[in-house]
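First comes the structure, then the notes that go with it.
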Amino acid sequence: MPFIPAANYVVLELVGGLTGGYGPAKLAFVRNLRDGNHDGGPGGHGWRVPPNHALVVTGVDWQYNHPQGAAFAGTRQIFRLSLQNLANPNLIERVFESSILLGSRGEGGISEALSVGFAVSSQARLAPDVSPGPEGPPFGINHAIVRGYLIPDV
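Residue numbering for the sequence shown follows this note's numbering, starting at 6 and increasing by one per position.
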């Protein structure tokens, strides 16, 4: 693997309720910076891949809490990431899926290290959802982290 400068490593955290966020919960990612700050993106509408770069995603962590708790123990939830084109939001393609069985209290989570990964261009954003859900908040997708690094997109 080639040398990657520290500034090119990316850790994204999922937050809800952002204007322009994806889906009914208005989900979007913010970038957690290495100095303890975060980058909420243009106008605070979610972080975007910088122009002329691509984000290579290498790992995803996520947690889910069902609002009905133990009544949904043993059921499956699938966390999905899609790429949504910024210029034409109707263009959306799924690039990642991860499933879990909820534990005895209707909760679960997993860390996924991607052996191949996928790339996100500056002309798209990550669009998260969960099935069958519900997404939340306050229950649903309780936490999600996406890790990767930036490369030139030539």
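Think of the CB as a built atom: it goes at the ideal place given N, C-alpha and C, for glycine as much as any other residue.
Residue i, enclosing beta strand (DSSP E) - first and last residue
i	result
residue 91	From DSSP, residue 91 is part of no beta strand (DSSP E); its letter is neither H nor E.
residue 136	129-136
residue 150	145-157
residue 20	14-20
residue 114	112-126
Cβ separation of residue i and residue j, assumed to be a contact under 8 Å, to the nearest whole Å
i	j	result
residue 61	residue 154	6 Å
residue 17	residue 64	So it is not a contact: roughly 11 Å between Cβ atoms.
residue 29	residue 140	7 Å
Residues near residue i in its chain [Cβ-Cβ closer than 6 Å; skip 5 each side]
i	result
residue 59	124, 126, 156 and 158
residue 22	31
residue 135	82, 84 and 146
residue 54	60, 125 and 127
residue 68	114, 147 and 148
Residue i in three-state terms, based on DSSP
i	result
residue 49	helix
residue 74	helix
residue 37	strand
residue 30	coil
Contact set for residue i: own chain, Cβ-Cβ below 8 Å, skip 5 residues either direction
i	result
residue 73	111
residue 52	17, 33, 34, 35, 36, 44, 45 and 46
From the options, residue whose alpha carbon lies closest to that of residue i
i	options	result
residue 150	12, 37 and 107	37
residue 1	87, 120 and 47	This structure cannot settle anything about residue 1, because the visible part of the chain is limited to 6 through 159.
residue 109	7, 71, 54 and 27	71
residue 132	18, 26 and 43	26
Nonlocal neighbours in the same chain, by C-beta distance under 7 Å from residue i, ignoring five residues either side
i	result
residue 138	145
residue 20	33 and 35
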